[in-house]
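K.L.:
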Amino acid sequence: MDHHLIERWLRRRVRAERVSNLALAAAAALGSVALFFFVWMAIFVPVALLSIGLGVHPYVGATAVMLASIASYLWVRRPVAIPMLEVTRFEDTGEYSVTAPRGEHWMRLRSRNQSDPASLGSLIHDFIFVSPLLADSALAALAFRRRFAMVDVKLCARAIAVLHADIHRVSFDEVERRLPGVDMVSLLKQLWLLDAVQIITAAPQGMALTEGARQALADDEDAALIASVG
């Protein structure tokens, strides 16, 4: 397959991922603001009654509760850890140790004390902390977008061309042999970000092009052929 076709396809894919992450960040940020006021209104009546009894202005009481919930969230939150492939190269053997992050969604932020997401405590936690949780998720989406900005499209396209030429798993050593001088640790981390490539961490380790990516490339190739004929 033409290398330039792969590069154009990959560039569109990376651009789409960056746009979708930016849209996700914007939606999460707007949702955070909207839900802040929604929760504020939901707790206003009971807090207002309590505030009046304490001689405090009702608006001040509701706002203080919301600010306290944000402060509490920052205290109990688990720091956002954007998942990333861990790759180590052993210089003595030339072999690689590759560990994929666990499957928990990167946007799911919870208190460190919660183990049952369906429990009443978890539901109360999500309701109280929904506004700062979404704000945190917006920041995480922006961080994920920055990861895609660092993808070397030309290098990854060369690697995908190697994988496209073989319908089976391609070992790391084979990719390194066919792409001399490449930093395999950096390449593997970049390829892992792309849904187009499956990184196989279990022995025998290697990588393969997904069926979806293979079909998308075939469709692009057909479209390019039709355009050239027409």
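Position one of the sequence shown corresponds to residue 1237 (my numbering), numbered consecutively onward. Note that CB positions come from ideal geometry on N, CA and C, so glycine has one too.
Looking at the structure shown, is glutamate 1322 part of a helix, part of a strand, or coil, going by DSSP?
P.N.:
Reduced to three states, the DSSP call for glutamate 1322 is strand.
K.L.:
Roughly how many whole angstroms lie between the Cα atoms of aspartate 1388 and glycine 1448?
P.N.:
For aspartate 1388 and glycine 1448, the distance between alpha carbons rounds to 21 angstroms.
K.L.:
Below 6 angstroms CB to CB, which residues in the same chain sit around threonine 1335 once its five sequence neighbours on both sides are set aside?
P.N.:
These residues qualify, in order along the chain: Glu1322.
K.L.:
So, for valine 1296: in the same chain, excluding its five sequence neighbours on each side, which residues have a beta-carbon less than 8 angstroms away from its beta-carbon?
P.N.:
So the qualifying residues of the chain are Ser1287.
K.L.:
Helix, strand or coil: which one does DSSP assign to serine 1407?
P.N.:
Reduced to three states, the DSSP call for serine 1407 is coil.
K.L.:
Using three-state DSSP, classify threonine 1335 as helix, strand or coil.
P.N.:
If DSSP states are grouped into helix, strand and coil, threonine 1335 belongs with the strands.
K.L.:
Please report the straight-line C-alpha distance between arginine 1177 and glycine 1289, rounded to a whole angstrom.
P.N.:
A question about residue 1177 goes unanswered here, because the residues of the chain that appear run from 1237 up to 1466.
K.L.:
Thinking C-alpha only, which one of Ser1407, Ala1459, Met1420 is nearest leucine 1445?
P.N.:
Considering only alpha carbons, the answer is Ser1407.
K.L.:
Under 8 angstroms, Cβ to Cβ, is there at least one residue of chain B near valine 1334?
P.N.:
Considering every chain present, this structure includes no chain B. It has just one protein chain.
K.L.:
Taking C-beta to C-beta, are alanine 1371 and alanine 1261 nearer than 8 angstroms?
P.N.:
Cβ distance not < 8 angstroms, so alanine 1371 and alanine 1261 don't count as in contact.
K.L.:
Between the C-alpha atoms of arginine 1244 and leucine 1271, what's the straight-line distance to the nearest angstrom?
P.N.:
Rounded to whole angstroms, arginine 1244 to leucine 1271 spans 40 angstroms at the Cα level.
K.L.:
For the alpha helix (DSSP H) that glutamine 1426 lies in, which residues bound it at each end?
P.N.:
Where glutamine 1426 is concerned, the enclosing alpha helix (DSSP H) stretches over 1420-1429.
K.L.:
Quick one: residues in its chain with C-beta nearer than 6 angstroms to the C-beta of alanine 1439, no 5 flanking neighbours on either side, listed in chain order?
P.N.:
Within the same chain, alanine 1439 has no close Cβ partners at all.
K.L.:
On the premise that valine 1433 lies in contact with leucine 1399, defined as a C-beta separation below 8 angstroms, what is that separation, rounded to the nearest angstrom?
P.N.:
Contact flag correct, Cβ pair sits at about 7 angstroms.
K.L.:
Are the CB atoms of leucine 1258 and arginine 1382 nearer to each other than 8 angstroms?
P.N.:
Contact flag unset, no.
K.L.:
Counting only the same chain and skipping the five closest in sequence on each side, list residues whose C-beta sits under 7 angstroms from that of leucine 1241.
P.N.:
Cβ neighbours of leucine 1241 beyond the five flanking positions: Asp1456, Glu1457, Ala1460.
K.L.:
Given that a residue counts as buried once 16 or more other Cβ atoms are within 10 Å of its Cβ, and exposed if not, what is isoleucine 1462?
P.N.:
It counts as exposed.
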